[in-house]
Amino acid sequence: MTISQNIAKITRELPPKVKLVAVSKTKGVPEIMEAYTAGQKIFGENKVREMQAKQPELPNDIQWHFIGHLQTNKIKFIAPFVTMIESVDRLKVLQEVNKHALAVNRRIPCLLQFHIAEEETKFGLDMEEAKEILDNEYFGKLHNVIICGVMGMATFTDDENQVRKEFRQLRKIFDTLKQNYFQGDAAFKEISMGMSGDYRIAIEEGSTIVRLGSIIFGERG
Ligand SMILES: *Cc1c(COP(=O)(O)O)cnc(C)c1O
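Residues in the sequence shown are numbered consecutively from -3, following our numbering.
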């Protein structure tokens, strides 16, 4: 199947309320253009330099989601155009995003990334760390970031029960934060979970954003 056929098929399958981020890391402009021409407007990248290089080469109405580990010294390169930073995992990152967003007169939507997998290698907050951020006196001063919800990656495993348990945990984290910090805040509504191997389970567990790469573009080399 071609990239356009994959986009069409997945788009048909997704519930209307679930947004599709096409994860285009390692893929070139022609492949991204094929997805774009098929109607895909949201793309995800996990490296600042790569996103920064592709953005000017591609149509202006593409929405760029940053989904990788973010070094604070690189935030300035994407602040002028990034649509959402899905991978905020410390207060320092939020403060830097706020600073560079202010400098270009923007408010940047962000998600808090949680560590829900068994693998130690994956990044993300636990509930206690998230509360420390949200209770910190500096957090209330960050007027140029908008916290829109949570993001997480499940363990890479065939064990469906394990994956479902982890997604359920992220959903619970979202509900708890909504109740305790974001009640009445309409912007706090996103649960970004689900990749090529597990997005159907993620949707059953309440995902609002799926991040799909290989199922659209083929395996990465
Ligand atoms: C690469 C990546 C994806 C997409 O993975 P696929 O298995 O190719 O769908 C999703 N989320 C993050 C954070 C990624 O780094």
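C-beta atoms are modelled at their ideal positions from N, C-alpha and C, and glycine is treated no differently. From a predicted model like this one, the values you see are computed outputs, not experimental measurements.
Checklist entry - In this structure, what does DSSP give as the bridge partners for E41? => result F62
Item to check | Where A31 sits in the DSSP three-state scheme | outcome: helix
Checklist entry - Under the criterion of a Cβ to heavy atom distance below 7 Å, does S203 qualify as lining ligand 1? => result no
Checklist entry - In three-state terms, what does DSSP make of P55? => result coil
Checklist entry - Can you find at least 3 beta carbon pairs, one from the stretch 34 to 51 and one from the stretch -1 to 12, that sit closer than 8 Å? => result yes
Next on the checklist: Am I right that I63 and R167 are in contact with their C-beta atoms under 8 Å? What's the rounded C-beta distance?
Outcome noted: Going by Cβ atoms, the distance from I63 to R167 rounds to 19 Å, so no, they are not a contact pair.
Checklist entry - Using the beta carbon as the reference atom, which residues fall closer than 5 Å to any heavy atom of ligand 1, ordered along the chain? => result V19, N42, I63, M191, S192, R207, L208, G209, S210
Checklist entry - Should S83 go down as buried or exposed, given a rule of 16 or more other Cβ atoms within 10 Å for buried? => result buried
Checklist entry - Going by C-alpha distance, which of G209, H65, A4, A99 is nearest R139? => result It is worth fixing the name first, because residue 139 is His in this sequence and not Arg. Selected option, being the one with the closest Cα: A99.
Item to check | Extent of the continuous beta strand (DSSP E) run through L16 | outcome: 15 to 19
Item to check | Closest residue to Y177 among M149, G136, F152, F110 (Cα-Cα distance) | outcome: G136
Next on the checklist: If I follow the unbroken beta strand (DSSP E) through L108, where does it start and stop?
Outcome noted: 104 to 110
Next on the checklist: Since K21 and G209 should fall inside the 8 Å C-beta cutoff, what is the C-beta to C-beta distance between them, to a whole number of angstroms?
Outcome noted: 7 Å
Next on the checklist: In whole angstroms, give me the CA-to-CA distance for T7 and A18.
Outcome noted: 11 Å
Checklist entry - Between R102 and the rest of its own chain, which residues show a CB-CB distance below 8 Å, the 5 nearest in sequence each way excluded? => result A75, P76, N140
Checklist entry - Does the beta-carbon distance from G202 to I187 come in below 8 Å? => result yes
Next on the checklist: Quick check on M147: buried or exposed, where buried means 16 or more other Cβ atoms within 10 Å of its Cβ?
Outcome noted: buried
Next on the checklist: For D131 and E125, what's the separation of their Cα atoms in angstroms?
Outcome noted: 10 Å
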